[in-house]
Amino acid sequence: MRPSLRPDELLGSLRPSIAALPDSGIVEVVQYGMERPGLIPLWVGEGDATTPSSIGDAAVAALRAGQTFYTYQRGIPPLRQAMARYLSGVHDREIAPERIFITASGMQAITLTLQALIDPGDEVVLVTPVWPNILAALNILGGVVRAVPMTLTDRGWSVDFDRLADACGPKTRAVFVNSPNNPTGWIMPREEMEALADLARHHGFWIIADEVYNRITYDTDHAPSFLEVMEADERIVVVNSFSKNWAMTGWRVGWVVASPALGQVYENLIQYNTSGVATFLQYGAVAALEEGLGTIDAVRETCRIGRDIVCQRLGAMRKVRLARPQGAFYAFLAVDGETDSRSLAFRLVDEANVGLAPGSAFGPGGEGFLRLCFACSPARLSEAMDRMEPMLS
Ligand SMILES: Cc1ncc(COP(=O)(O)O)c(C=O)c1O
Numbered sequence: 133m134r135p136s137l138r139p140d141e142l143l144g145s146l147r148p149s150i151a152a153l154p155d156s157g158i159v160e161v162v163q164y165g166m167e168r169p170g171l172i173p174l175w176v177g178e179g180d181a182t183t184p185s186s187i188g189d190a191a192v193a194a195l196r197a198g199q200t201f202y203t204y205q206r207g208i209p210p211l212r213q214a215m216a217r218y219l220s221g222v223h224d225r226e227i228a229p230e231r232i233f234i235t236a237s238g239m240q241a242i243t244l245t246l247q248a249l250i251d252p253g254d255e256v257v258l259v260t261p262v263w264p265n266i267l268a269a270l271n272i273l274g275g276v277v278r279a280v281p282m283t284l285t286d287r288g289w290s291v292d293f294d295r296l297a298d299a300c301g302p303k304t305r306a307v308f309v310n311s312p313n314n315p316t317g318w319i320m321p322r323e324e325m326e327a328l329a330d331l332a333r334h335h336g337f338w339i340i341a342d343e344v345y346n347r348i349t350y351d352t353d354h355a356p357s358f359l360e361v362m363e364a365d366e367r368i369v370v371v372n373s374f375s376k377n378w379a380m381t382g383w384r385v386g387w388v389v390a391s392p393a394l395g396q397v398y399e400n401l402i403q404y405n406t407s408g409v410a411t412f413l414q415y416g417a418v419a420a421l422e423e424g425l426g427t428i429d430a431v432r433e434t435c436r437i438g439r440d441i442v443c444q445r446l447g448a449m450r451k452v453r454l455a456r457p458q459g460a461f462y463a464f465l466a467v468d469g470e471t472d473s474r475s476l477a478f479r480l481v482d483e484a485n486v487g488l489a490p491g492s493a494f495g496p497g498g499e500g501f502l503r504l505c506f507a508c509s510p511a512r513l514s515e516a517m518d519r520m521e522p523m524l525s
């Protein structure tokens, strides 16, 4: 008989850094509460509206038409061309298709970019709190995170730029900035982007800009972008996704904008990770870009109404402290007297039947807060507020 190994023996013979990866602090609460009848889930980063049917129809038509084969590693030419037109319009400067690489999600855009840049021990400056997957992706590669936590003042969330600049130096391999930020809604001002770009030029580090929420803004058409302050052939990679702006989270289609000089590198990385994104999904993405701004406007309007409800209702609850988010679709709230966000998130499941994400999952600066996604219907949000009110007032 062959010897059988216990689970701990199998786990013990994995790469130690992988065996030690923490569970996502968000998923832990989701798993705890997902089966509860009637629970209102506001813990993950997506709304409750399905992808518009015109986008789905285009994907289905492509599938029916036989678009079922291996495909271009960088993405199909019609999608890269449509993306170049879309981005050139948004950012009011020419962004050529040669700079665009289609990936299997924004998450994969991040992973591939880190694979290209980070060796074990490389230092990455990261503005936090931030989406936990970014920290985990860095961990997997052995990157050393230097966190620069933002702070919440009466004027909202901000980063002390001097602290950010002090964290950067000759040892910095890359600075990772997610703006608009998940979870705080902070948007990096254009002047700070310019100053950071100057620092990157001076020290020779890369900037990785995660701009997946760049159209979920409330006072402007789009958030400032590193695409507008840096040139094509600098050390800049911008990652983005169809998930949030077009209500396409389940599609897993994203993209990277980088120098054309990195074309073969992304082509190789895509080849050796997933070998490309399903062609019929890419045709759906073309339809998303070509149908104009209808979907983005609708998503934004849902978020605007959601933000008003949540800020007004939470703002009136005695124990709650929060800033009105400038972008993205999350409220990041602190509750007086509550310092352990994980246990508070579990209690909200038990006592209010509402699912929020614990701030502790979002790295330095996140503990003591809870994240609530408001990209959903007003009725759902109002009901969640009614249920939470007794605990938070
Ligand atoms: C900041 C940030 N970046 C990237 C992503 C990745 O999006 P996706 O993998 O769905 O394209 C998310 C998703 O929540 C996010 O919040």
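Under the working numbering, the residues of the sequence shown are numbered 133 to 525, in order. Virtual Cβ for every residue (Gly too), placed ideally from N, Cα, C. Predicted model, so just to flag it, every value in this text is computed and none were measured.
DSSP bridge partner residues for residue i (one or two, in chain order)
{"i": "LEU540", "result": "The requested residue 540 does not occur in the structure, where the chain is confined to residues 133 to 525."}
{"i": "PHE233", "result": "VAL388"}
{"i": "ILE172", "result": "VAL486"}
{"i": "LEU284", "result": "TRP289"}
{"i": "ALA349", "result": "Going by the sequence as given, residue 349 is Thr instead of Ala. THR349 pairs with GLY459."}
Residue i to residue j span [Cα, whole Å]
{"i": "PHE308", "j": "PRO490", "result": "22 angstroms"}
{"i": "ASP180", "j": "GLY170", "result": "15 angstroms"}
{"i": "THR304", "j": "VAL369", "result": "16 angstroms"}
{"i": "ASP429", "j": "VAL162", "result": "29 angstroms"}
{"i": "ARG436", "j": "TYR350", "result": "7 angstroms"}
{"i": "PHE358", "j": "ALA341", "result": "7 angstroms"}
{"i": "GLY498", "j": "ASP472", "result": "10 angstroms"}
{"i": "ILE319", "j": "LYS451", "result": "26 angstroms"}
{"i": "ALA390", "j": "ILE232", "result": "7 angstroms"}
{"i": "CYS505", "j": "LEU137", "result": "42 angstroms"}
{"i": "ASP353", "j": "LEU425", "result": "11 angstroms"}
{"i": "ASP189", "j": "THR411", "result": "14 angstroms"}
{"i": "LEU513", "j": "VAL431", "result": "15 angstroms"}
{"i": "PRO261", "j": "LEU488", "result": "16 angstroms"}
{"i": "TYR204", "j": "ASN400", "result": "11 angstroms"}
{"i": "ALA493", "j": "GLY198", "result": "43 angstroms"}
{"i": "GLU483", "j": "MET520", "result": "8 angstroms"}
{"i": "ARG479", "j": "ALA299", "result": "37 angstroms"}
{"i": "MET362", "j": "ASP224", "result": "13 angstroms"}
{"i": "GLU423", "j": "PRO139", "result": "51 angstroms"}
{"i": "GLY177", "j": "PHE461", "result": "8 angstroms"}
{"i": "SER237", "j": "PHE374", "result": "8 angstroms"}
{"i": "LEU454", "j": "ASP294", "result": "24 angstroms"}
{"i": "GLU470", "j": "PRO184", "result": "40 angstroms"}
{"i": "ILE250", "j": "THR235", "result": "19 angstroms"}
{"i": "ILE172", "j": "ARG206", "result": "39 angstroms"}
{"i": "ASP292", "j": "PHE201", "result": "50 angstroms"}
{"i": "SER290", "j": "ARG196", "result": "49 angstroms"}
{"i": "ARG456", "j": "TRP387", "result": "29 angstroms"}
{"i": "GLY438", "j": "THR243", "result": "31 angstroms"}
{"i": "PRO281", "j": "TYR164", "result": "29 angstroms"}
{"i": "VAL256", "j": "GLY336", "result": "13 angstroms"}
{"i": "ILE339", "j": "GLY395", "result": "17 angstroms"}
{"i": "GLU360", "j": "MET325", "result": "9 angstroms"}
Span of the alpha helix (DSSP H), counted from its first residue to its last, around residue i
{"i": "ASN314", "result": "Looking at the DSSP string, ASN314 is not in any alpha helix (DSSP H), and its letter there is neither H nor E."}
{"i": "SER373", "result": "SER373 -> not in any alpha helix (DSSP H); beta strand (DSSP E) instead, spanning 368-373."}
{"i": "ILE319", "result": "Where ILE319 is concerned, there is no enclosing alpha helix (DSSP H), given that its DSSP letter is neither H nor E."}
{"i": "ALA248", "result": "238-249"}
{"i": "ILE187", "result": "185-196"}
{"i": "ASP294", "result": "293-299"}
{"i": "GLN163", "result": "157-165"}
{"i": "GLY265", "result": "The sequence shown places Asn at residue 265, rather than the Gly named in the question. From DSSP, the alpha helix (DSSP H) with ASN265 extends over 264-272."}
{"i": "VAL222", "result": "209-223"}
{"i": "ALA151", "result": "148-151"}
{"i": "PRO356", "result": "Neither: PRO356 is in no alpha helix (DSSP H) and is coded neither H nor E."}
{"i": "LEU524", "result": "510-524"}
{"i": "LEU143", "result": "139-144"}
Assumed close pair residue i, residue j - CB separation to whole angstroms, cut-off 8 angstroms
{"i": "ASP254", "j": "VAL276", "result": "7 angstroms"}
{"i": "SER149", "j": "ASN265", "result": "So it is not a contact: roughly 16 angstroms between Cβ atoms."}
{"i": "LEU476", "j": "LEU502", "result": "6 angstroms"}
{"i": "TRP378", "j": "ILE158", "result": "Rounded, the Cβ-Cβ distance is 22 angstroms, inconsistent with contact."}
{"i": "ALA306", "j": "GLY495", "result": "That belief does not hold up - the Cβ atoms of ALA306 and GLY495 are roughly 16 angstroms apart, past 8 angstroms."}
{"i": "ALA329", "j": "THR434", "result": "About 33 angstroms; that fails the 8 angstroms criterion."}
{"i": "GLY459", "j": "GLY317", "result": "6 angstroms"}
{"i": "PRO392", "j": "ALA355", "result": "Their Cβ separation, rounded to whole angstroms, is 25 angstroms, which puts PRO392 and ALA355 out of contact at 8 angstroms."}
Endpoints, the beta strand (DSSP E) within which residue i is located
{"i": "LEU502", "result": "501-505"}
{"i": "SER290", "result": "288-290"}
{"i": "ALA228", "result": "ALA228 -> no beta strand (DSSP E), and no H or E assigned at all."}
{"i": "ALA341", "result": "338-342"}
Interface flag, residue i vs chain C, CB-CB below 8 angstroms
{"i": "LEU401", "result": "Although the question refers to chain C, the structure presented lacks it and comprises just one protein chain."}
Practice prompt. Could you tell me which uninterrupted alpha helix (DSSP H) segments, each at least 4 residues in length, are contained entirely in the region 396-467, listed from first to last along the chain?
Written response: 411-422, 426-447
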